[in-house]
Amino acid sequence: MSTGHRQILDASVIISVEGSQACHAIYALREGGALLVLQPPDQLYSAAQEWMRTLDMNCGMVIGTAAEGGFTINPDEVLQMVDRLLARTENREAS
Numbered sequence: 471m472s473t474g475h476r477q478i479l480d481a482s483v484i485i486s487v488e489g490s491q492a493c494h495a496i497y498a499l500r501e502g503g504a505l506l507v508l509q510p511p512d513q514l515y516s517a518a519q520e521w522m523r524t525l526d527m528n529c530g531m532v533i534g535t536a537a538e539g540g541f542t543i544n545p546d547e548v549l550q551m552v553d554r555l556l557a558r559t560e561n562r563e564a565s
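Right under this line is the structure:
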């Protein structure tokens, strides 16, 4: 197992830009963990989120804003969603 894989193994929350790597990250989550997908604004379907929903796992999404050369993500929105997902993974009511 590579060093990168060991660093995320049993993670409570994994944050990934939308793409195939997000689906692979699901395998590294601890039981009851959560995936946060950073979603481009021009692509509103996330296969990883659909898979997580099907598996009855926790998943969140922050949709970016179009910018020259790609998109940007508001860091405050990411932190707020991480807090909500951590609350769910800790079996507390999400704020």
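Adding 470 to a residue's 1-based position in the sequence shown gives its number in our numbering.
Note that the Cβ used here is the ideal one computed from N, Cα and C, for glycine as well.
{"query": "Candidates 553, 546, 541, of which the one nearest residue 512 by Cα", "result": "541"}
{"query": "Local Cβ density within 10 Å of residue 506, reported as buried at 16 or more and exposed below that", "result": "buried"}
{"query": "Segment limits, alpha helix (DSSP H) that includes residue 446", "result": "With the chain covering only 471 through 565, there is no way to say anything about residue 446."}
{"query": "Segment contact flag, the segment 487 to 499 with the segment 510 to 524, C-beta cutoff 8 Å, min 3 pairs", "result": "yes"}
{"query": "Residue 513 in three-state terms, based on DSSP", "result": "coil"}
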